[in-house]
Every structure is written in structure tokens, then in C-alpha cells.
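**Student:** Quick one: structure below, then a few questions.
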Amino acid sequence: MADLFSSFEIVKTSDQLLHLLNGNWKFVWLEDEQKEIKVNLHSWKNYACYEFTHTPRYGICPIEHLWEFVKVTDRVFEN
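Count along the sequence shown from 1, add 553, and you get the number used in the numbering used here.
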């Protein structure tokens, strides 16, 4: 699975991120995988909005830079 997760670093476009978001993956902070980050598409092409759930930190960045601090982990399955 490590190879699968490292391949997310090549996600650079809005379409690629949308596909990832539709897959119900969980996004976490690279420095502490227990801390979740909410990620969504921004209206600007190839940009993402992010919000740390454990601290009042949020912003907008190019999707290709998201992977400097965000990691994708196991899928989230809703009942």
C-alpha cells in the first residue's frame, strides 16, 4: 500500500483531486497522522482548500503543493 499512497503526490489537477475526494480517502497531516485535514476543491482551477481539524489553520494552495504537508491514508467508509 505504501506505493499506492506515495503515488498521490502526482495528483496535480482539479480533476485528479476530485477523483480522489470521491474515493472517500482520509487526509492527514504529514507530521502527525492522528490529525485529520479536510480537503476540498477550490473554485480556482487546480487549487485546493484545506482546513486542519485540530487547530484554526486553513488556506488555499495549488494542488501540487498540498502533498508537502498532507498525506492520504485509509479510505473512510460510512455506515
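Glycine included, C-beta positions come from ideal geometry on N, C-alpha and C.
1) Output the distance between the C-alpha atoms of S596 and T566, rounded to the nearest integer angstrom.
2) Can you tell me whether N593 is helix, strand or coil according to DSSP?
3) Which residues in the same chain as Y624 place their Cβ atom closer than 6 Å to its Cβ, once the five residues preceding and following it in sequence are excluded?
4) Do you know offhand how far Y600's Cα is from C614's?
5) What does the alpha-carbon distance come out to for the pair H618 and V629?
6) Quick check: the Cα distance between E586 and Q569, rounded to an integer number of angstroms?
7) Roughly how many angstroms separate the alpha carbons of H572 and W578, rounded to a whole number?
**Tutor:** According to the structure shown:
1) 12 Å
2) strand
3) Note on identity: in this sequence residue 624 is Lys, with Tyr being the wrong assignment. V581 and L583, listed in sequence order.
4) 6 Å
5) 23 Å
6) 23 Å
7) 10 Å
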